[in-house]
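Quick note on numbering: the sequence shown equals residues 2 to 155 in my numbering. A short write-up of the structure that comes next.
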Amino acid sequence: MIITEPSSQNDFELYYNLRWRILRKPWNQPKGSEKDELEVKSIHVMVCNEDRIPIGVGRAHFNSNEEAQIRYMAVEDEWQGKGIGSMILSYLEEKIKERGAKNIILNARDLAIKFYEKHGYEIVKEAHTLFDVIPHYKMTKKIAATLNLPKRKV
Ligand SMILES: CC(C)(COP(=O)(O)OP(=O)(O)OC[C@H]1O[C@@H](n2cnc3c(N)ncnc32)[C@H](O)[C@@H]1OP(=O)(O)O)[C@@H](O)C(=O)NCCC(=O)NCCS
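Structure representation (structure tokens):
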């Protein structure tokens, strides 16, 4: 299993396909509905099997220098509950820290709230209801800045 950022056209096709199958298809949403206008500016990550087929994906973008937002977290059904989502979230949080943002926000599906709470996110307020049936909650987490100071010899 590897964690990596999609790079080739094939990577991106499989990456968006997983997003669509997990987050859109069950609600009869068309292909294309799994993307938004921020894809080119975003950090994308995927966990892949040994054949470089993604089994979990996630994305982060920046709303400002201070605030990042995580979206489109999706793990293949049979791989859920095995730590893949946590790997993706930690990877994105590290990248966000490196860029110096101070907090992360996301809109969690009600069924995913426990997952984010385990990773230190707190509910701020009720948010939108997607496709009229999936309640979302705005959640946030403050992140400590990472200091990349040179190591001192002792
Ligand atoms: C939500 C999701 C991304 C989490 O990824 P995952 O790989 O299943 O999660 P992990 O295995 O890393 O779980 C980490 C912890 O959160 C818990 N957890 C994960 N999903 C949970 C859920 N839906 N309800 C309760 N607890 C959950 C796990 O039990 C685990 O707890 P532990 O550390 O005590 O064992 C994934 O389940 C998924 O894709 N779900 C369907 C799509 C979705 O809802 N995406 C989120 C949109 S906001």
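Think of the CB as a built atom: it goes at the ideal place given N, C-alpha and C, for glycine as much as any other residue.
- DSSP, reduced to helix, strand and coil, places R20 within a helical segment of the structure shown.
- In terms of Cβ geometry, D12 and M47 form a close pair [threshold 9 Å].
- Per the coordinates, the alpha-carbon of E118 lies some 31 Å from the alpha-carbon of E14.
- In this structure, the C-beta of I23 approaches ligand 1 to less than 8 Å from one of its heavy atoms.
- Assignment of Y73 by DSSP, reduced to helix, strand and coil, places it in the strand class.
- The alpha carbon of I144 has as its nearest neighbour, out of G101, K36 and E6, the alpha carbon of G101.
- Secondary structure note for M140: its beta strand (DSSP E) is the uninterrupted segment I135 to K143.
- At least 9 Å separates the beta-carbon of I114 from that of V76.
- The C-beta distance from R72 to R60 rounds to 5 Å, short enough to fall under 8 Å.
- For E123, the enclosing beta strand (DSSP E) has its first and last residue at E123 to L131.
- Spatial neighbours of R20 in its own chain (CB-CB distance under 7 Å, excluding positions within 5 residues in sequence) are listed in chain order as E35, V58, Y73 and A75.
- Comparing C-alpha distances from K139 to each of L131, T130, L107 and E38 shows the shortest one belongs to L107.
- With contacts defined by Cβ atoms closer than 9 Å, I89 and C49 do not form a contacting pair.
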